[in-house]
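Residue numbers (the UniProt record's numbering): 1 to 64.
In this text, a Cβ means the ideal position worked out from N, Cα and C, and glycines have one as well.
Computed from a prediction, not measured in an experiment: that's the story for all the values here.
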Amino acid sequence: CPDCGKSFSTGSYLLRHRRTHLPEKPYRCGECGRGYSQFAHLTTHQHVHTGDRPYVCPDCRKSF
Numbered sequence: 001c002p003d004c005g006k007s008f009s010t011g012s013y014l015l016r017h018r019r020t021h022l023p024e025k026p027y028r029c030g031e032c033g034r035g036y037s038q039f040a041h042l043t044t045h046q047h048v049h050t051g052d053r054p055y056v057c058p059d060c061r062k063s064f
């Protein structure tokens, strides 16, 4: 990435990443108004407001 120096294995991953450097954040959280350049990042953020912990460690069973 010419903006931050990160490397990516494919051009499509680089293009997706480069959106994080753009000032436009079209995906907004309805609860707090925080903006994201990618819908997946908004979806992950929304767990903060719902208390949902969808990821479970297979070893210790702790959820995140």
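Alpha carbon to alpha carbon, what distance is there between His17 and Pro2? Along the sequence shown, read from residue 1 onward, the residue named residue 2 stands at position 2. Along the sequence shown, read from residue 1 onward, the residue named residue 17 stands at position 17. Here the alpha carbons of His17 and Pro2 stand approximately 11 Å from one another.
My guess is that Ser37 and Arg19 are in contact by the Cβ rule of under 8 Å, so how many angstroms apart are they, rounded? Position 37 of the sequence shown, counted from the start, is the residue given in the question as residue 37. Position 19 of the sequence shown, counted from the start, is the residue given in the question as residue 19. Correct: roughly 4 Å between the Cβ atoms.
I need the boundaries of the alpha helix (DSSP H) containing Gly11, first residue and last residue. If you number the sequence shown from 1, residue 11 lands on position 11. Residues 11 to 18.
Selected residue, minimal CA-CA separation from Arg53, among Leu14, Phe39, Thr43, Phe64: As a first step, residue 53 is located in the sequence shown; it is residue number 53 there, counting from the start. Of Leu14, Phe39, Thr43, Phe64, the residue nearest in Cα terms is Phe64.
Alpha helix (DSSP H) containing residue 65: first to last residue? Residue numbering for the chain in the displayed model covers 1 to 64; residue 65 lies beyond these limits and cannot be assessed.
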